[in-house]
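Chemist:
Number of protein chains: 2
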Amino acid sequence: MSRILVVGSVAFDSVETPFGKAEEVLGGSATYFSTSASFFAGVNLVAVVGEDFPEAHIKSLSTKGIDLAGLRKVPGKTFRWKGYYGYDLNQAHTLETHLNVFSSFNPEIPSEYTDAPFVFLANIDPELQMKVLEQVKSPRLVACDTMNFWIEGKPEALKELLKKVDLFVINEGEARELSGEASLVKAARVILGYGPKTLIVKRGEYGALMFNGGSVFSAPAYPLEDIFDPTGAGDTFAGGLMGYLASSNDISEKNIRRAIIFGSVMASFNVEAFSLERLDRLTLQEINERFAQFKVLTHFESI
Amino acid sequence: MSRILVVGSVAFDSVETPFGKAEEVLGGSATYFSTSASFFAGVNLVAVVGEDFPEAHIKSLSTKGIDLAGLRKVPGKTFRWKGYYGYDLNQAHTLETHLNVFSSFNPEIPSEYTDAPFVFLANIDPELQMKVLEQVKSPRLVACDTMNFWIEGKPEALKELLKKVDLFVINEGEARELSGEASLVKAARVILGYGPKTLIVKRGEYGALMFNGGSVFSAPAYPLEDIFDPTGAGDTFAGGLMGYLASSNDISEKNIRRAIIFGSVMASFNVEAFSLERLDRLTLQEINERFAQFKVLTHFESI
Chain A
1 MSRILVVGSV
11 AFDSVETPFG
21 KAEEVLGGSA
31 TYFSTSASFF
41 AGVNLVAVVG
51 EDFPEAHIKS
61 LSTKGIDLAG
71 LRKVPGKTFR
81 WKGYYGYDLN
91 QAHTLETHLN
101 VFSSFNPEIP
111 SEYTDAPFVF
121 LANIDPELQM
131 KVLEQVKSPR
141 LVACDTMNFW
151 IEGKPEALKE
161 LLKKVDLFVI
171 NEGEARELSG
181 EASLVKAARV
191 ILGYGPKTLI
201 VKRGEYGALM
211 FNGGSVFSAP
221 AYPLEDIFDP
231 TGAGDTFAGG
241 LMGYLASSND
251 ISEKNIRRAI
261 IFGSVMASFN
271 VEAFSLERLD
281 RLTLQEINER
291 FAQFKVLTHF
301 ESI
Chain B
1001 MSRILVVGSV
1011 AFDSVETPFG
1021 KAEEVLGGSA
1031 TYFSTSASFF
1041 AGVNLVAVVG
1051 EDFPEAHIKS
1061 LSTKGIDLAG
1071 LRKVPGKTFR
1081 WKGYYGYDLN
1091 QAHTLETHLN
1101 VFSSFNPEIP
1111 SEYTDAPFVF
1121 LANIDPELQM
1131 KVLEQVKSPR
1141 LVACDTMNFW
1151 IEGKPEALKE
1161 LLKKVDLFVI
1171 NEGEARELSG
1181 EASLVKAARV
1191 ILGYGPKTLI
1201 VKRGEYGALM
1211 FNGGSVFSAP
1221 AYPLEDIFDP
1231 TGAGDTFAGG
1241 LMGYLASSND
1251 ISEKNIRRAI
1261 IFGSVMASFN
1271 VEAFSLERLD
1281 RLTLQEINER
1291 FAQFKVLTHF
1301 ESI
């Protein structure tokens, strides 16, 4: 089974949605990604937490088969995010961000992680993402995420990074902002020009679009009765995607399409509850059943 | 070949989009619907125009195989709409609406139209839509559209109508408004409770969702480089959908799914140019080629 190296954040989230609220629950891009990917492949996690990070969380991640040799505990408090969602669950509203120990995060990759064949650079400063790449040997596939904060603040560092990225996963608004193009088809052409072989544009409740050379794949989102909490959906998507690619060790477009559906399956479960609640009680059988439902959801016959 | 009766508007549109503008061009729900459906089936059009409506347009519609015995020309001016779209092409901004002769439209169905097996009630007053249904004999399938204006202004008349409708086609915001539910899955359950067997929710550049009993189908939109003018996309979609259903004379869910893709194909062409320009030079070969592209766009393999 191939391993995935993920570098990102581990955090405490306080979230309110139209369906309820959760205080100081486990969150962070690397947490969601790892938990999701752990259903498919081994994960090597690199992140930083403060002294307040409880052993119970470490044990819980560990029992999922996530290797935590790269999780550093340093003096200070863990990263905290507080926000809410209104009825438009595609839009997070941030109330408070306390970077705490994350503000001086300088990812050091343990030597036993440097030959991981799959690498996911979650949304952190593109200069740090680049530092990670400088520490790894020749990975088979490098994927990364980013956000509007870095697109606006460090566009040149981001573009340097993209030269070394195979698969770039961002949301719709970010794709438009980064490319300066309102049309996603044009935006994709611009962004693929920066280096990535494949671009995946996440569209929340509308699914995802993949651009790979001249080929386009449209994946729906699973129509859910209620979305309790969209926090972490994007990283959970990326975790399912990378997890499936690593487990099958096949990075053909055919397999990337399948991996996008697995990513969508994982994200659809994650939003059914707060924090990692739903993923914590998820089974492989449920994953495979929902994959089959995606097939039914999109099926039509040729003429 | 089965015939489709359509009742709706024929209008002159003045439209501005980020890509250009068009003044007093042919538009209206019945016009877009008929032109789109005419690629697949015979169309019987019922609408009203003023004395200013040129013979050239009548000739042009006629040569498409659209029967115009139900198009009444009455004293006064033809319906005019003026609007613009910004970069969010899902949102039309109305500048002027002059109903003119359309304000006293009272659809009379020519006797030779009353046994049409397929009926499409385009977006007009639900009381008039009901009057149309009172004039037709037992159609095989009745479909209808509406808009927020009627949902807000005549909700009871609309609900009465929906008891007699098989297939209801509305957009996402309208589905939420009519049902009072933010979740589309819940909204669909409420709306199907009003009577229709099938609900199709149009989501513009995000495609369409079909709810049929417990079954859901997600159709993507075709990823276009540029959307020149979204005017008429919904009616063009409905025209392709109903046209294909009528031509195949098969209203099974399997065939409705295929028909939704044909509707999406037709809409994707329509938005490539102003007014009916693109449909006027469209070929059956192009339609079938784009249908095949939708298959590639959505294809992924099972595990």
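As they're listed, the protein sequences go chains A and B. Here my numbering is used: the first residue of the first sequence is 1, the next is one more, and so on. Here my numbering is used: the first residue of the second sequence is 1001, the next is one more, and so on. Where a beta carbon is used, it is the ideal one built from N, C-alpha and C, also for glycine. Keep in mind it's a predicted model, so treat the numbers as computed, not measured.
Identify the residues that DSSP records as bridge partners of A182 (chain A): which are they?
Modeler: None; A182 (chain A) has no bridge partner.
Chemist: Assuming E1253 (chain B) and N1288 (chain B) form a contact by the criterion Cβ under 8 Å, report the distance between their Cβ atoms to the nearest whole angstrom.
Modeler: With 8 Å as the limit, E1253 (chain B) and N1288 (chain B) do not qualify as a contact, their Cβ atoms being about 22 Å apart.
Chemist: Rounded to the nearest angstrom, what separates K1154 (chain B) and N255 (chain A) at their Cα positions?
Modeler: Roughly 50 Å separates the two Cα atoms.
Chemist: Can you pull out the residues from the segment 1252-1272 of chain B whose beta carbon lies closer than 8 Å to at least one beta carbon of chain A?
Modeler: Residues passing the 8 Å Cβ filter: K1254, R1257, R1258, I1260, I1261.
Chemist: Quick one, are the C-beta atoms of L241 (chain A) and G263 (chain A) less than 8 Å apart?
Modeler: Result yes, Cβ atoms of L241 (chain A) and G263 (chain A) sit closer than 8 Å.
Chemist: Between which two residues does the alpha helix (DSSP H) containing S275 (chain A) stretch?
Modeler: Segment: none, S275 (chain A) is in no alpha helix (DSSP H) and carries neither H nor E.
Chemist: Under the DSSP definition of a beta bridge, which residues are partnered with K1082 (chain B)?
Modeler: Paired residue(s): B:S1014, B:E1096.
Chemist: Using 10 angstroms around the beta-carbon of P1054 (chain B), count the other beta-carbons present and answer buried if the total reaches 16, otherwise exposed.
Modeler: Answer is exposed; the Cβ neighbour count stays below 16.
Chemist: Please go through the same chain and pick out, in chain order, the residues whose beta-carbon is closer than 7 Å to the beta-carbon of I261 (chain A), but skip the five residues on each side of it.
Modeler: These residues qualify, in order along the chain: A219, F291, F294.
Chemist: Skipping 5 residues on each side, what residues in its chain have a beta carbon closer than 8 Å to that of L1184 (chain B)?
Modeler: Correct list, in chain order: E1172, A1175, R1176, V1201, L1209.
Chemist: Considering only the beta carbon of each residue, do T231 (chain A) and D13 (chain A) sit closer than 8 Å?
Modeler: Yes, Cβ-Cβ distance for T231 (chain A) and D13 (chain A) is below 8 Å.
Chemist: Can you list the residues of chain B that A182 (chain A) reaches, using a CB-CB cut of under 7 Å?
Modeler: In chain order: Y1087.
Chemist: Which full runs of the alpha helix (DSSP H) of 4+ residues lie inside the segment 1120-1179 of chain B, going along the chain?
Modeler: The qualifying runs are 1126-1135, 1148-1153, 1155-1162, 1172-1179.
Chemist: How would you write the range of the beta strand (DSSP E) that L26 (chain A) sits in, first residue to last?
Modeler: Element bounds for L26 (chain A): 20-27.
Chemist: Comparing C-alpha positions only, which one of B:S1029, B:G1020, B:F1039, B:V1010 sits nearest to S1002 (chain B)?
Modeler: Out of B:S1029, B:G1020, B:F1039, B:V1010, B:F1039 has the C-alpha closest to the C-alpha of S1002 (chain B).
Chemist: Just to confirm the assignment, what range does the beta strand (DSSP E) spanning K1202 (chain B) have?
Modeler: Run containing K1202 (chain B): 1198-1202, per the beta strand (DSSP E) assignment.
Chemist: R257 (chain A) and F1300 (chain B) - do their beta-carbons sit closer together than 8 Å?
Modeler: A contact, by the Cβ cut-off of 8 Å.
Chemist: Sort A:G86, A:K21, A:S29 by Cα distance to F237 (chain A) and report the nearest one.
Modeler: Comparing Cα positions, the closest option is A:S29.
Chemist: Would you list the residues sitting across from K1073 (chain B) in a DSSP beta bridge?
Modeler: Looking at the DSSP assignment, K1073 (chain B) forms a beta bridge with B:V1049.
Chemist: For L1245 (chain B), which residues of its own chain have a beta-carbon under 8 Å away from its beta-carbon, when the five flanking residues on both sides are left out?
Modeler: The answer, listed in chain order, is F1118, L1141, I1251, N1255, I1256, A1259.
Chemist: Who are the near neighbours of L1068 (chain B) in its chain, counting only those whose CB is closer than 7 Å to its CB and skipping five residues on each side?
Modeler: Here the set comprises L1045, I1058, L1061, S1062.
Chemist: Assuming the contact rule is C-beta atoms closer than 8 Å, F1168 (chain B) and I1151 (chain B) should be a hit. Round their C-beta distance to whole Å, please.
Modeler: With a Cβ gap of about 12 Å, F1168 (chain B) and I1151 (chain B) do not count as contacting.
Chemist: Tell me whether N1106 (chain B) sits in a helix, a strand or coil according to DSSP, three-state version.
Modeler: N1106 (chain B) falls in the coil class under three-state DSSP.
Chemist: What residues of chain A sit near K1186 (chain B), judged by a beta carbon separation below 7 Å?
Modeler: Chain A residues near K1186 (chain B): E225.
Chemist: Taking 7 Å as the cut-off, is the CB of G240 (chain A) close to at least one heavy atom of the ligand FAD?
Modeler: Ligands are entirely absent from the displayed structure, and the ligand FAD is therefore not among its contents.
Chemist: Tell me the DSSP secondary structure of A221 (chain A) in three-state form.
Modeler: Coil at A221 (chain A), not helix or strand.
Chemist: I1004 (chain B) lies in the alpha helix (DSSP H); which residues open and close that run?
Modeler: From DSSP, I1004 (chain B) is part of no alpha helix (DSSP H) but of the beta strand (DSSP E) over 1003-1007.
Chemist: Apart from the five residues on each side of it in sequence, which residues of its chain come closer than 6 Å, Cβ to Cβ, to L1133 (chain B)?
Modeler: The answer, listed in chain order, is K1164.
Chemist: Go through its chain and collect everything with a Cβ distance to E1051 (chain B)'s Cβ below 8 Å, but skip five positions before and after it.
Modeler: Result list for E1051 (chain B): K1073, V1074, P1075, G1076, K1077, in chain order.
Chemist: Enumerate in chain order the residues of its own chain whose CB-to-CB distance from T1298 (chain B) is below 7 Å, with the five nearest sequence positions on each side excluded.
Modeler: Here the set comprises P1220.
Chemist: How long is the line joining the alpha carbons of K21 (chain A) and G27 (chain A), rounded to whole angstroms?
Modeler: Cα to Cα, the separation comes out at about 14 Å.
Chemist: Whose Cβ in chain B lies nearer than 7 Å to the Cβ of K295 (chain A)?
Modeler: The contacting residues are S1302.
Chemist: Going along chain B in order, which residues have a C-beta closer than 7 Å to the C-beta of F291 (chain A)?
Modeler: Chain B residues near F291 (chain A): I1303.
Chemist: What does L141 (chain A) reach in chain B if we use C-beta pairs closer than 9 Å?
Modeler: Within 9 Å Cβ-Cβ: nothing; L141 (chain A) doesn't reach chain B, min ~19 Å.
Chemist: Run the CB neighbour count on R1281 (chain B), radius 10 Å, all protein chains shown included, and call it buried at 16 or more, exposed below.
Modeler: That one is exposed.
Chemist: Could you check where the alpha helix (DSSP H) with F237 (chain A) kicks off and where it finishes?
Modeler: Its alpha helix (DSSP H) spans residues 233-248.
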